[in-house]
Amino acid sequence: MEKRAILAAVLMAGVLLLYQTFFVSQQEPQAPQKAQQAAAPATPGAAAVPATSTGPEPPSPVPPVAPATAAPERTAVVQTPLYRAVVSSSGGALQEWQLDYRGQKPMIVAGLLGPRGLLIERPGGQAKPVSFRLSAEELNLGEGTPQGEVILTGDDGFGLRITEALRFRADTYVIEQALRIENRHSVAQSADVVLSWAGPAEWPKEHPEKFLGQHPTRAVGFVSGSVHRDEVANISGFGGDGPWVGLESELYLSALVARSPGFKVTTAKNGTTVSVSLRATLPRLEPGQAWEGQYATYVGPKEYDRLKALGVGLEKSIFFGGFPAPQAYGGLPMEWIVVPILWLMNWFYKYLGNYGFAIILLTVVFKALFFPLTVKSMRSMKAMQSIQPQVNALRAKYKNDAPRVQRETMQLYKQHKVNPLGGCLPMVVQIPVFYALYVALSVSVEIQNAPFICFGRLFGMDLWICDLAAQDPTYVLPILMGVSMFIQQKMTPVMGDPRQAKMMLMMPVVFTFMFLNLPSGLVLYWTLSNVLQILQQHYLNRSGKVEKAPARVQKKA
9 MEKRAILAAV LMAGVLLLYQ TFFVSQQEPQ APQKAQQAAA PATPGAAAVP ATSTGPEPPS
69 PVPPVAPATA APERTAVVQT PLYRAVVSSS GGALQEWQLD YRGQKPMIVA GLLGPRGLLI
129 ERPGGQAKPV SFRLSAEELN LGEGTPQGEV ILTGDDGFGL RITEALRFRA DTYVIEQALR
189 IENRHSVAQS ADVVLSWAGP AEWPKEHPEK FLGQHPTRAV GFVSGSVHRD EVANISGFGG
249 DGPWVGLESE LYLSALVARS PGFKVTTAKN GTTVSVSLRA TLPRLEPGQA WEGQYATYVG
309 PKEYDRLKAL GVGLEKSIFF GGFPAPQAYG GLPMEWIVVP ILWLMNWFYK YLGNYGFAII
369 LLTVVFKALF FPLTVKSMRS MKAMQSIQPQ VNALRAKYKN DAPRVQRETM QLYKQHKVNP
429 LGGCLPMVVQ IPVFYALYVA LSVSVEIQNA PFICFGRLFG MDLWICDLAA QDPTYVLPIL
489 MGVSMFIQQK MTPVMGDPRQ AKMMLMMPVV FTFMFLNLPS GLVLYWTLSN VLQILQQHYL
549 NRSGKVEKAP ARVQKKA
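So the sequence shown is numbered by this note's numbering: it starts at 9 and just counts up by one.
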């Protein structure tokens, strides 16, 4: 009995060993084999075709080479004399960019305004940010360390290894960025690289602007050799080959600049969000091949010299407008006049240390340059005023014969050697320059937070002009401007219908209300211009350089 029990146990052990050897060991290796068969169609020439198929199946997407894992986000802080930046490991996007420019000015608002980082977009899929590793967590740049860089390395999960170098400098608002993408997959592949900056189409009321110009109002880009602008509130979109694109306000700009060929400019609106982008389509990268590209990011004030230094026409983002001219000449580009005026104002500031006094000196210089033309204009206006009674008499005498009135009036002008355009032409020459002064002060970011005569603050209000880019909180300067304009008109010789002259006296009231909310720098320029005009008129009247009327004209009158 014991022998049978022992024999049964031995037989059972043998059967178990035989089962594990011939059955279990043969079934387990089948799993990798099935996995290889499932992955085989992804490789070139290995697609399995059923017997009933009449053609090849469409190519399968590139399989991921690593599972997508959400790595914890890390940041690198860059501190310079001009700004403080925070770089995120998610796409290498800027989480923070705070200018130290006439106060602290945040150019990025989390969840509302800022870059989306480097995105990889595949056909039929959505653009996704790359998760990077950062080479440094902090950079402090200054005189001892004028420049530094942060290296970002990452993988998109499909075999594309992305390396991006961000180079910062202490004396500029530009980040120079070098990009290298290498295909480490066993199959050839391609994708799109997307670099975007996004903002709201309408600035939400619950997020008031922290400084003048924080809210971008236009999308601007240089496409096909010309500048394109679109209001963000009703953007229609533009795109094509071009070196740069950005979001701008009148005073600040956030721009993406292509430094190498292959990038295209695009703009888009998705619901309540507007985005501007640089997009590059990678060539078909075989295993082991790489693509390289360079671009730059500018986030800062619209200072003409800084923008021009980039060498890509970024200074054209400053809108100077144009002065009307005959169509044959295409108008007068105000940039030709405004840029020298800005240079002169900054040169005065360099020695005076106050933009208010620089504006005063600038106005005095231009008034002095145009003084001879002003004398000619006033003489002609006085002469026209002296013969106005005779012109009115001719109109009354030949009121039913307009051609006769015109002939007699021209004969009267010729007899007394009076040019009816003599009072206008000298002023026409000055208008483009004075308009250029107005434009220069409108687009000048340098005067932001620049005080003129500032006594401090009382009950939360500035006393008196502590920011030339803001309105006068006391309204003293606009009122002075209106009073000076009224005095100037009273001293100006009256020509034409006296009723029109009375209506013109309402202009100072209209202008006063118009200037209440304009920047103090503009109102200062206009007020001083009126005061200088009054002084010139008084001087000419006292010196006898402008006669009241020729003797023979007075006798006939």
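Just so you know, even glycine gets a beta-carbon here, dropped at the ideal spot from N, CA and C.
Bear in mind that the values here come from a model prediction, so they are computed numbers and not experimental data.
How would you write the range of the beta strand (DSSP E) that Asp238 sits in, first residue to last?
If you number the sequence shown from 1, residue 238 lands on position 230. Ser234 to Glu239 is the extent of the beta strand (DSSP E) around Asp238.
Going straight from the alpha carbon of Gly364 to that of Asn538, what length do you get?
Position 356 of the sequence shown, counted from the first residue, corresponds to residue 364. Position 530 of the sequence shown, counted from the first residue, corresponds to residue 538. Answer to the nearest angstrom: the Cα atoms are 16 angstroms apart.
For Val228 and Gly248, which I take to be in contact (beta-carbon distance under 8 angstroms), what is that distance rounded to the nearest angstrom?
Within the sequence shown, numbered from 1, the residue matching residue 228 stands at position 220. Within the sequence shown, numbered from 1, the residue matching residue 248 stands at position 240. Not a contact, Cβ separation roughly 14 angstroms.
Once you ignore the five residues that flank Arg480 on each side, which residues in its own chain have a CB closer than 7 angstroms to its CB?
Taking the sequence shown and counting its residues from 1, one reaches residue 480 at position 472. The amino acid occupying residue 480 in the given sequence is Asp; Arg does not appear at that position. Here the set comprises Ile473, Pro486, Ser528 and Val531.
Evaluate Arg292 with the Cβ neighbour count: other Cβ atoms within 10 Å of its Cβ, from every protein chain shown; 16 or more gives buried, anything less gives exposed.
The residue given as residue 292 occupies position 284 in the sequence shown. Exposure of Arg292 is indicated by the presence of fewer than 16 other C-beta atoms within 10 angstroms of its C-beta.
Classification of Gly296 by the beta-carbon crowding that lies within 10 angstroms, buried from 16 upward:
The residue given as residue 296 occupies position 288 in the sequence shown. Residue burial is scored here from C-beta neighbours: Gly296 has fewer than 16 other C-beta atoms within 10 angstroms and is therefore classed as exposed.
Judging by CA-CA distance, which residue of Ala478, Phe463 and Ala477 is the nearest neighbour of Leu471?
Sequence index remark: in the sequence shown, residue 471 carries index 463 (1-based). Nearest option by C-alpha distance: Phe463.
Jot down the residue ranges of each uninterrupted beta strand (DSSP E) in the stretch 147–228, minimum 3 residues, whole runs only, in chain order.
155–163, 168–177, 182–191 and 200–208
Is the beta carbon of Thr83 closer than 8 angstroms to that of Gln112?
The residue given as residue 112 occupies position 104 in the sequence shown. The residue given as residue 83 occupies position 75 in the sequence shown. Using a Cβ distance threshold of 8 angstroms, Gln112 and Thr83 do not count as a contacting pair.
Give the single residue among Leu524, Leu142, Ala266 and Thr371 whose Cα lies nearest to the Cα of Gly319.
Counting from one through the sequence shown, the residue named residue 319 turns up at place 311. Out of Leu524, Leu142, Ala266 and Thr371, Ala266 has the C-alpha closest to the C-alpha of Gly319.
Please work out which residues of its chain come closer than 6 angstroms, Cβ to Cβ, to Val201, disregarding the five sequence neighbours upstream and downstream, and give them in chain order.
For the purposes of this step, residue 201 is taken as residue 193 along the sequence shown, with counting starting at 1. Taken in chain order, the residues that qualify are Ala288.
Can you tell me whether DSSP reads Leu445 as helix, strand or coil?
Start at 1 with the first residue of the sequence shown, and residue 445 comes out as number 437. DSSP places Leu445 in helix when its eight states are reduced to three.
Measuring only the C-alpha atoms, how far is His546 from Gln497?
The residue given as residue 546 occupies position 538 in the sequence shown. The residue given as residue 497 occupies position 489 in the sequence shown. If I take the Cα positions, the gap works out to 13 angstroms.
I need the straight-line Cα distance from Gly122 to Ile439, nearest angstrom please.
The residue labelled residue 122 in the question sits at position 114 within the sequence shown. The residue labelled residue 439 in the question sits at position 431 within the sequence shown. Whole-angstrom Cα-Cα distance: 41 angstroms.
Do Asp163 and Ile128 have their beta-carbon atoms positioned less than 8 angstroms apart in this structure?
The residue given as residue 128 occupies position 120 in the sequence shown. The residue given as residue 163 occupies position 155 in the sequence shown. Not a contact, by the Cβ cut-off of 8 angstroms.
According to the Cβ coordinates, are Phe140 and Gly100 closer than 8 angstroms?
Numbered from 1 along the sequence shown, position 132 holds the residue referred to as residue 140. Numbered from 1 along the sequence shown, position 92 holds the residue referred to as residue 100. Yes, these two residues count as a Cβ contact at 8 angstroms.
Please report the straight-line C-alpha distance between Gly490 and Val441, rounded to a whole angstrom.
To locate residue 490, count along the sequence shown from 1; it is residue 482. To locate residue 441, count along the sequence shown from 1; it is residue 433. Straight-line Cα distance between these residues: approximately 22 angstroms.
Decide if Arg226 is buried, meaning its Cβ has at least 16 other Cβ atoms within 10 Å, or exposed.
The count along the sequence shown starts at 1 and reaches residue 226 at position 218. With 16 or more Cβ atoms within 10 Å of its Cβ, Arg226 is classed as buried.
Beta-carbon proximity list for Pro309, same chain, < 7 angstroms, skipping 5 on both sides
For this step, residue 309 is matched to residue 301 along the sequence shown. The beta carbon of Pro309 lies closer than 7 angstroms to those of Tyr109, Leu259, Tyr260 and Val453 in the same chain, with the five residues before and after it left out.
Just the C-alpha distance for Trp344 and Val451, rounded to the nearest angstrom, thanks.
Working through the sequence shown from its first residue, we reach residue 344 at position 336. Working through the sequence shown from its first residue, we reach residue 451 at position 443. Spanning the two alpha carbons is a distance of roughly 15 angstroms.
For the structure I just gave you, are there three or more beta carbon pairs, one from the stretch 249–257 and one from the stretch 227–241, closer than 8 angstroms?
The stretch 249–257 is in contact with the stretch 227–241.
For the candidate residues Ser98, Ala118 and Ser97, whose alpha-carbon lies nearest to that of Trp105?
Along the sequence shown, read from residue 1 onward, the residue named residue 105 stands at position 97. Nearest of Ser98, Ala118 and Ser97 to Trp105, Cα basis: Ala118.
Using CA coordinates, which residue listed in Phe460, Leu350, Pro131 and Met392 is at the minimum distance from Lys422?
Position 414 of the sequence shown, counted from the first residue, corresponds to residue 422. Looking at the Cα atoms, Met392 is the closest of the given residues.
Where do the ends of the alpha helix (DSSP H) carrying Met418 lie?
Taking the first residue of the sequence shown as 1, we reach residue 418 at position 410. It spans Ala410 to Gln423 - the alpha helix (DSSP H) in which Met418 sits, taken as one unbroken run.
What I want to know is whether the C-beta of Thr520 ends up closer than 7 angstroms to one or more non-hydrogen atoms of the ligand HEM.
Absence of the ligand HEM is noted for the structure shown, with no ligands found whatsoever.
Does DSSP put Ala56 in a helix, a strand or coil?
Along the sequence shown, read from residue 1 onward, the residue named residue 56 stands at position 48. At Ala56 the pLDDT is 34, less than 50, meaning the model places this residue with poor confidence; the figure from the coordinates comes in the next sentence. Residue state, collapsed to three classes: coil.
State the start and end residues of the unbroken beta strand (DSSP E) segment that holds Lys272.
Mapped onto the sequence shown, residue 272 falls at position 264. Going by DSSP, Lys272 is part of the beta strand (DSSP E) stretching over Phe271 to Asn278.
Report the residue from Val86, Val413, Lys425 and Gln419 whose alpha carbon sits nearest the alpha carbon of Arg387.
Taking the sequence shown and counting its residues from 1, the one referred to as residue 387 is at position 379. For the residues Val86, Val413, Lys425 and Gln419, the minimum Cα distance to Arg387 belongs to Lys425.
I need the DSSP call for Ile461, collapsed to helix, strand or coil.
In the sequence shown, counting from the first residue as 1, residue 461 sits at position 453. Reduced to three states, the DSSP call for Ile461 is strand.
Contact check, Leu617 vs Pro137, beta carbons under 8 angstroms:
What the structure shows of the chain is the stretch from 9 to 565, and residue 617 is not part of that stretch, so it cannot be assessed.
For a minimum of 3 consecutive residues, which ranges assigned as the beta strand (DSSP E) are wholly contained in the stretch 97–148?
102–108, 112–114, 122–129, 140–142 and 146–148
Flag this pair as touching only if the stretch 202–212 and the stretch 275–289 have three or more C-beta atom pairs under 8 angstroms; answer yes or no.
When C-beta atoms of the stretch 202–212 are compared with those of the stretch 275–289, three or more pairs fall below 8 angstroms, so the two segments count as touching.
Note down the Cα distance separating Asp475 from Pro459, rounded to an integer number of angstroms.
By one-based count along the sequence shown, residue 475 stands at place 467. By one-based count along the sequence shown, residue 459 stands at place 451. For Asp475 and Pro459, the distance between alpha carbons rounds to 5 angstroms.
Coarse secondary structure for Ile326, derived from DSSP in three states
Within the sequence shown, the letter at position 318 stands for residue 326. Under the three-state reduction of DSSP, Ile326 is assigned to coil, being neither helix nor strand.
Would you decide whether Tyr359 is buried or exposed? Buried here means 16 or more other CB atoms lie within 10 Å of its CB.
The residue given as residue 359 occupies position 351 in the sequence shown. Exposed: under 16 other Cβ atoms inside 10 Å.
N- and C-terminal bounds of the beta strand (DSSP E) containing Leu315
Along the sequence shown, read from residue 1 onward, the residue named residue 315 stands at position 307. It is not in any beta strand (DSSP E) - Leu315 instead sits in the alpha helix (DSSP H) that spans Tyr312 to Lys316.
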